[in-house]
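Peer 1: This is the structure, below, for whatever I ask next.
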Amino acid sequence: MQLDDLDFADDLALLSQTQQQMQEKTNSVAAASAAIGFNIHKGKSKGLRYNTACTDPITIDGEDLEDVKTFTYLGSIIDEQGGSDADVKARIGKARAAYLQLRNIWKSKQLSTNTEVRIFNTNVKTVLLYGAETWRTTKAIIQKIQVFINSCLRKILPIRWPDTISNNLLWGRTNQIPAEEEIRKKRWKWIGHTLRKATNCVTRQALTWNPQGHRKKGRPKNTFRREMEIDMKKMNKNWMELEKEAQDRVGCRMLVGGLCSIGSNRLKKMQYHFNSLHTNGGQDTQIHDSLSYEEVERYFPEEGCYRPIVLVGPSGVGKSELIRQLISTDPEHFREPIRITTQEPKSEEVHGVDYLFVTKDEFNTFMDADCLIDPCETSKNCMTGLCLDAVLEIIQAGQVAIFEADYRNLMSLRTSTLKPFIIFVKPPTFDVLLETRQIYNHKSSNCNTPTINDTTSTVELSPTHSVPTTPHLTNRTIGGCFTPVRNCQQWRKVSGELGQEKKNTMSSAPSLSASSSLDNILATEIQKKMSLAETHFHEMIQTASRLEVTHGHLWDFVLINDDLPVALEQLSEMAYRIETEAFWIPRIWLNSTSNELNSENSRSYVDASVSTMTTTAVQ
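Numbering-wise, our numbering puts 205 at position 199 of the sequence shown, and it's gapless, one number per residue.
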């Protein structure tokens, strides 16, 4: 035994099948340690006997070591039962202590729910699942862990007892996966890491060790080895194949991602019962759909053929900014397909870069040929749409197409040709909107007075972190300068002060100067625009809530855009997962033909001069 390269040694564990072998190993370690000046602490050294009738003590320098029924090794509790119940109980206790230490975080009104959930994942969940890679899990253990996680998440949101909410909806709001799937994912990541070690590594030998014999009466039926074998059957792999595939990190990651996708069955049946909303003359008409079922199956991504990412959400939530920011992180990998439009080009817009400008007749030709997958009408009675060819060109180039779409066109987008991954961009709470959104003013005056478009047009809103140069929505006092409006209370206070200033100014009208009159007009305009912004925020939140009820079954991920850097990080992480992990898609997508929308017959009506315009944006 070589200990020359160690500065110190602690928490050594020796495993033996007989008392004699254990005594020999103990003497060997004691002798090797003494040769380099190390001493073994006899009071801290313990012995654990498992399934043996021998009671002879283990000695060091003539002193007997204490026999115990349980001890802690590297943070994990080892007992004579060979299970993980005691370890899980201790982990839950430590995680609860960590959760209680952060009670001020959970009660804080300055932090968004998304931020609090991230803090929970990094400071509480990591404590809870420490060492879970080697747990022998049972239904009782999984239930204890899941109950603790759900309890913490319900307090963070917060969700009161009278407000009944399913666990699936709770996990969807907090971007969680079931505890069983998370433990399985950690386990197989550790298994892959261990199988890449040398064959003489003790950890690898312990992992691949398969003891023979029969289970004694009273021993647990479920073992760590048996859990691995069950997972291997799902993957249709044996140990030889796993050891070979584990050497490829990317292939191993995709294999684990396919095994650990949300859900435990290979084939699921999802049940939906929803109301679809269709706009008719400015009013929403509800059409009650019958109870429908959609069979889904796990889809493994193909290298070089990536699923397009589609962002949907209410107007002004920040979809365009998220797309722009994600593309800027890697323009060679992410691309946004260019749209065609019948509107007149602006002075700064370039044909083939910003839009493909066509006539109404040419646009109708695309419509007749079923080449548009996201047609919609703008506020100026102009038509715009996205060509299927533009998206397919990006996919065939080995890049990721990312674009936003109208929720009314989701059914035409969800086809086997595209297999889109739909992300719903959800606005935060009203107070967070007031704190983090600022209003664009592309036509600002010298005094930087912010403007809002009329209610019939789209109000451009964005998180303050995204565009540092954009002027804040401000309160201009008479003769003073603009100061930022920080929160909801100050917003309403500013509105009240402006109204009071207007009243005081009106009472002293005879003595008004030209400057004070201008200030009064500006104050009145700002107050009106603040009211319009609040109205738009409320409409945005109400629209998002309605879409979650009517179309929530259509999207694969919910992204809360309360802080742009955080939302961008989550979007980037999800884009990576789409390329490396397996996700559930409708089973019909795998069984239908690939030329569902891009058949030659469907394009035979398109004139060649028009079809040449279906190119993608130049990055």
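Glycine residues also receive a C-beta, built at the ideal position from the N, C-alpha and C atoms. Fair warning: this is a prediction, and the values are worked out from it, not measured in the lab.
1) Counting C-beta neighbours from all protein chains within 10 Å, is the total for G68 16 or more, i.e. buried, or is it exposed?
2) List the endpoints of the continuous alpha helix (DSSP H) containing F436.
3) Does the Cβ-Cβ distance between L6 and I429 come in under 8 Å?
4) Flag this pair as yes or no: are the beta carbons of K432 and L332 separated by less than 8 Å?
5) Go ahead and pull the three-state DSSP assignment for E301.
6) Going by DSSP in three states, S172 sits in which element: helix, strand or coil?
7) Under 8 Å by Cβ, that's how I've got P3 and I584 pegged, so tell me the actual separation to the nearest angstrom.
8) Have a look at G81 and I189 and give me their C-alpha separation to the nearest angstrom.
9) With a floor of 4 residues, list each alpha helix (DSSP H) that falls wholly inside the segment 76-126, ordered by position along the chain.
10) Which of the three DSSP states, helix, strand or coil, is assigned to P571?
11) Helix, strand or coil for D395 per DSSP?
12) Could you tell me whether the segment 171-178 touches the segment 117-125, using the rule of 3 or more Cβ pairs below 8 Å?
13) Using DSSP bridges, identify the partner residues of L317.
14) If A185 and I148 are in contact, beta carbons under 8 Å, what's the gap, nearest whole angstrom?
15) State buried or exposed for C311, treating a residue as buried only when at least 16 other CB atoms are found within 10 Å of its CB.
16) Who pairs with I66 in a beta bridge, going by DSSP?
17) Over what stretch of residues does the beta strand (DSSP E) that includes R231 continue unbroken?
18) Measure from the alpha carbon of A103 to the alpha carbon of each residue in N129, V438, V35 and L570, then state which is nearest.
19) Tell me which residue opens and which closes the beta strand (DSSP E) that T347 is part of.
20) Using a Cβ-Cβ cut-off of 6 Å (strictly less than) and excluding sequence neighbours within five positions of N370, which residues of its own chain qualify?
21) Please classify E30: is it buried, with 16 or more other beta-carbons within 10 angstroms of its beta-carbon, or exposed?
22) Please identify the residue among V256, V262 and N156 whose C-alpha is closest to the C-alpha of I197.
23) Taking its Cβ as the centre, do 16 or more other Cβ atoms sit within 10 Å of E4, making it buried, or is it exposed?
24) From L21, N181 and R109, pick the residue whose C-alpha is nearest to that of D562; which is it?
Peer 2: To lay it out plainly:
1) For the purposes of this step, residue 68 is identified with residue 62 of the sequence shown, where counting begins at 1. By the beta-carbon neighbour count (other beta carbons within 10 angstroms, threshold 16), G68 is exposed.
2) For the purposes of this step, residue 436 is identified with residue 430 of the sequence shown, where counting begins at 1. Annotation for F436: the continuous alpha helix (DSSP H) segment containing it runs F436 to T442.
3) Residue coverage of the chain in this structure runs from 7 to 625, which leaves residue 6 outside it and unanswerable.
4) One-based indexing of the sequence shown puts residue 432 at position 426. One-based indexing of the sequence shown puts residue 332 at position 326. Not closer than 8 Å, so no.
5) Numbered from its first residue, the sequence shown carries residue 301 at position 295. In this structure, E301 counts as strand in the three-state DSSP scheme.
6) As a working note, residue 172 is residue 166 in the sequence shown. Note: S172 maps to coil in three-state DSSP.
7) Nothing in the structure corresponds to residue 3, since the chain is present only between 7 and 625.
8) Residue numbering aside, residue 81 sits at position 75 when the sequence shown is read from its first letter. Residue numbering aside, residue 189 sits at position 183 when the sequence shown is read from its first letter. Rounded to whole angstroms, G81 to I189 spans 17 Å at the Cα level.
9) Along the segment 76-126, the alpha helix (DSSP H) occurs as fully enclosed runs of 4 or more residues at 91-107, 109-113 and 119-126, listed in sequence order.
10) Walking along the sequence shown from the start, residue 571 turns up at place 565. Here P571 sits in helix by DSSP.
11) Position 389 of the sequence shown holds residue 395. D395: helix per DSSP, three-state reduction.
12) Contact annotation: the segment 171-178 does not touch the segment 117-125, with fewer than three C-beta pairs closer than 8 Å.
13) Here residue 317 is taken as the residue at index 311 of the sequence shown, counted from 1. In the DSSP assignment, L317 forms a beta bridge with E410 and I429.
14) By one-based count along the sequence shown, residue 185 stands at place 179. By one-based count along the sequence shown, residue 148 stands at place 142. That pair is a contact at about 6 Å.
15) By 1-based counting over the sequence shown, the position of residue 311 is 305. Classification for C311: exposed.
16) Your numbering for residue 66 matches position 60 in the sequence shown. In DSSP, I66 forms a bridge with E69.
17) Here residue 231 refers to the residue found at position 225 of the sequence shown. Segment F230 to M241 is the alpha helix (DSSP H) holding R231; no beta strand (DSSP E) there.
18) Against the sequence shown, residue 103 aligns to sequence position 97. Measuring from the Cα of A103, the nearest candidate turns out to be N129.
19) Taking the sequence shown and counting its residues from 1, one reaches residue 347 at position 341. Unbroken beta strand (DSSP E) run through T347: R345 to T347.
20) One-based indexing of the sequence shown puts residue 370 at position 364. Closer than 6 Å at the Cβ level, and outside the excluded window around N370, lies no residue.
21) On the sequence shown, position 24 is the one that residue 30 refers to. Per the 10 Å Cβ criterion, exposed.
22) On the sequence shown, residue 197 is found 191 positions in, with the first residue counted as 1. When C-alpha distances from I197 are compared across V256, V262 and N156, the shortest belongs to V262.
23) An answer regarding residue 4 cannot be provided, because it is not within the stretch 7 to 625 covered by the chain.
24) Taking the first residue of the sequence shown as 1, we reach residue 562 at position 556. Of the listed residues, the one whose Cα sits closest to D562 is N181.
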